[in-house]
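First comes the structure, then the notes that go with it.
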Amino acid sequence: MANPFDINRPLRVAVIGSGPSGIYAAEALIKQSEIPVSVDVFDRLPTPFGLVRYGVAPDHQTIKSVTKVMQKVLQDPRVRFWGNVAYGRDLSQADLRRFYDAVIYAVGASSDRHLDIPGEELPGNLSATEFVAWYNGHPDYQSLPLRLDVKGVAVVGMGNVAVDVTRILAKSASELAQTDIADHALAVLAQSQVTDIYMLGRRGPAQAKFTTKELRELGELANADIVVRPEELELDAQSTAWLEGQPALLKNLEVLREFAAKPLMGKPRRIHLRFLVSPVEILGQGRVERIRLEKNRLDEKMNAVGTGVFEELEVGLVLRSVGYKGVPLPEVPFDERKGIIPNREGRVLREGQVAPGEYTAGWIKRGPSGVIGTNKADAAETVRLLLEDAPHLPRAPEPQPEALTEHLKRKGVAFVTLEDWLRLDQLECTQGQAQGRPRIKITRLEEMLKQARA
Ligand code: NAP
35 MANPFDINRP LRVAVIGSGP SGIYAAEALI KQSEIPVSVD VFDRLPTPFG LVRYGVAPDH
95 QTIKSVTKVM QKVLQDPRVR FWGNVAYGRD LSQADLRRFY DAVIYAVGAS SDRHLDIPGE
155 ELPGNLSATE FVAWYNGHPD YQSLPLRLDV KGVAVVGMGN VAVDVTRILA KSASELAQTD
215 IADHALAVLA QSQVTDIYML GRRGPAQAKF TTKELRELGE LANADIVVRP EELELDAQST
275 AWLEGQPALL KNLEVLREFA AKPLMGKPRR IHLRFLVSPV EILGQGRVER IRLEKNRLDE
335 KMNAVGTGVF EELEVGLVLR SVGYKGVPLP EVPFDERKGI IPNREGRVLR EGQVAPGEYT
395 AGWIKRGPSG VIGTNKADAA ETVRLLLEDA PHLPRAPEPQ PEALTEHLKR KGVAFVTLED
455 WLRLDQLECT QGQAQGRPRI KITRLEEMLK QARA
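At position 329 of the sequence shown (counting the first as 1) the number is 363 in this note's numbering, and the numbers step up by one without a gap.
In structure tokens form, the structure reads like this:
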């Protein structure tokens, strides 16, 4: 079929979510010249960039510079940004069908996995997802019940999120004060009594998920010594074989061996990297006081198996960092087990069949893996299929861009445009500059809306 779209009636696409995957999807749409497009990018928050703003650690500003490129996409005349517009509240499935020929769900994975062990209900047991959102100033997590009047903290997991969380807990207030960490978090972290942070891996050093650069950084902190037990770095035959030809993992092991050989320098805090231990119970009277661990070995498939040998650590806070998890969207199919929207290379499946005009990208498509850049190829795959399908898709009955604007106005939605966001961005950066910080984040939703729409 010939391409039915032209400059007067471009292909109308809604992108739900303005994190990396949503913006890379918009970018892939405007980078091609076969089919004229008009793209609306929505976010339930007044701010764009998703996990780049609310996930990437505040002391990793160079990673955040990716927003410069992302902002350019939103500034393209074929793209509009709609902040503070939530699918499921301000836009229904029927609305999407009215205004758009195609939709791309790119909402990421905003929840987390549990450990499913006794004691998880105790105050003082939180997810890294919540902790990260809290220190990054996410408006939904300002009042997280977090107490740092404790000496020991257990961080469960050996991924890069666990490393981020550990590093933020280990750094001094003066180090953190140079970043764009949320002011409410800085105030709590400045009073922190934490001396020992235990990162707990259920498998061995060869199976750890962190990357070498992030691992190395843990050993170079001014405020914390690193403690690694040489005996926990000993590899079984399978792990040795598994490491062969995997230079990145071998590098991790090399760094861990350097850490194990390093003398303690008497710094105020200590980071303990522990391997082959699984939390089996969180203990305490009314709040977290201890965590019980079982020593593991690896089976022939390199899965962790308990050995029946236990130990306890005195910790007043447990942060589980065992992976993010997708959350279902209203009227959109969801695979509960995998925590993703069922899809075939980005084409959404409804009861096993491709749903015309529905697509997905990013973590809600493939699960919570990879770095920011991974989402570029992922979104490009989805967009390629969308463009292939475009000539055959059911056409939106109200494709005029004003139809959406009118709809939101009629519903009284306090939407945030790109200009509004740029105003908020400017304000945050100006206030930050005065204190030698990249920005001071506004974290209350009402205040964000007030300043953005001023
Ligand atoms: P991740 O890399 O998948 O790590 C999850 C960790 O949790 C693994 O060590 C896993 O161990 C462990 N785990 C899972 N279930 C467990 C259980 N029941 N008990 C004990 N441990 C358990 O996930 P992530 O750290 O959340 O990171 C998500 C993605 O974001 C990753 O791709 C990461 O690289 C990326 N990221 C990158 C950066 C950066 O580049 N600086 C920063 C943050 C995040 P097993 O291996 O045994 O399952």
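We treat Cβ as the ideally placed atom computed from N, Cα and C, and that holds for glycine.
What you are looking at is a predicted structure, and each value in this text was computed from that prediction instead of being measured.
Between the alpha carbons of residue i and residue j, how many angstroms are there, rounded?
{"i": "ALA468", "j": "PRO80", "result": "24 Å"}
{"i": "LEU307", "j": "LEU160", "result": "20 Å"}
{"i": "ALA437", "j": "GLN95", "result": "39 Å"}
{"i": "ALA60", "j": "ALA414", "result": "9 Å"}
{"i": "VAL450", "j": "TYR232", "result": "42 Å"}
{"i": "VAL113", "j": "VAL75", "result": "7 Å"}
{"i": "TRP455", "j": "ALA389", "result": "33 Å"}
{"i": "LEU442", "j": "ALA136", "result": "19 Å"}
{"i": "THR163", "j": "GLY89", "result": "8 Å"}
{"i": "VAL73", "j": "ASN42", "result": "14 Å"}
{"i": "THR426", "j": "ASN194", "result": "At residue 426 the sequence reads His, which differs from the Thr that was named. If I take the Cα positions, the gap works out to 42 Å."}
{"i": "THR477", "j": "GLY51", "result": "19 Å"}
{"i": "SER226", "j": "PRO111", "result": "47 Å"}
Would residue i and residue j qualify as a contact pair, given that the criterion is a beta-carbon distance under 8 Å?
{"i": "GLY357", "j": "GLY158", "result": "no"}
{"i": "ARG381", "j": "LEU419", "result": "yes"}
{"i": "VAL71", "j": "LEU45", "result": "yes"}
{"i": "TRP397", "j": "GLY142", "result": "yes"}
{"i": "ARG324", "j": "LEU353", "result": "no"}
{"i": "ASN37", "j": "ILE69", "result": "yes"}
{"i": "ARG263", "j": "SER312", "result": "no"}
{"i": "ALA167", "j": "TYR175", "result": "yes"}
Please state whether DSSP places residue i in a helix, a strand or coil.
{"i": "GLY56", "result": "helix"}
{"i": "GLY466", "result": "helix"}
{"i": "ALA196", "result": "helix"}
{"i": "GLU292", "result": "helix"}
{"i": "GLU385", "result": "coil"}
{"i": "LYS106", "result": "helix"}
{"i": "PHE368", "result": "coil"}
{"i": "ILE451", "result": "The sequence given here has Thr at residue 451, not Ile. Three-state result, THR451: coil."}
{"i": "GLU432", "result": "coil"}
{"i": "PHE133", "result": "helix"}
{"i": "LEU125", "result": "strand"}
{"i": "LYS359", "result": "strand"}
{"i": "ALA338", "result": "strand"}
{"i": "VAL222", "result": "helix"}
{"i": "ASN286", "result": "helix"}
{"i": "PRO281", "result": "helix"}
{"i": "LEU483", "result": "helix"}
{"i": "ASP40", "result": "strand"}
{"i": "LYS329", "result": "strand"}
Would the beta-carbon of residue i be found less than 7 Å away from any heavy atom of ligand 2?
{"i": "LEU149", "result": "Annotation note on ligand 2: not contained in the displayed structure, which lists ligand 1 as its ligands."}
So, do the region 332-346 and the region 118-131 have three or more beta carbon pairs nearer to each other than 8 Å? no
Would you check if there are 3 or more beta carbon pairs closer than 8 Å linking the region 309-325 to the region 137-151? yes
Identify every run of the alpha helix (DSSP H) within the region 229-278, keeping only runs that are complete inside it and at least 4 residues long; order them along the chain. 246-252, 271-277
Can you confirm whether the region 218-229 touches the region 172-192 when touching is taken to mean that 3 or more C-beta pairs between the two stretches lie within less than 8 Å? yes
The region 358-368 contacting the region 198-209, beta-carbon criterion three pairs below 8 Å: no
Could you tell me which uninterrupted alpha helix (DSSP H) segments, each at least 4 residues in length, are contained entirely in the region 152-219, listed from first to last along the chain? 162-169, 194-204, 207-210
What alpha helix (DSSP H) runs, 4 residues minimum, are completely inside the region 47-99? 54-65, 84-88, 95-98
Report yes or no: do the region 386-405 and the region 104-119 share at least 3 C-beta pairs separated by less than 8 Å? no
Three or more C-beta pairs below 8 Å linking the region 293-305 and the region 129-141: no
Check whether the region 97-104 and the region 426-442 touch, using three or more Cβ-Cβ pairs below 8 Å as the test. no
Note down, one range per segment and in chain order, each beta strand (DSSP E) of at least 3 residues found wholly within the region 380-426. 381-384, 387-394
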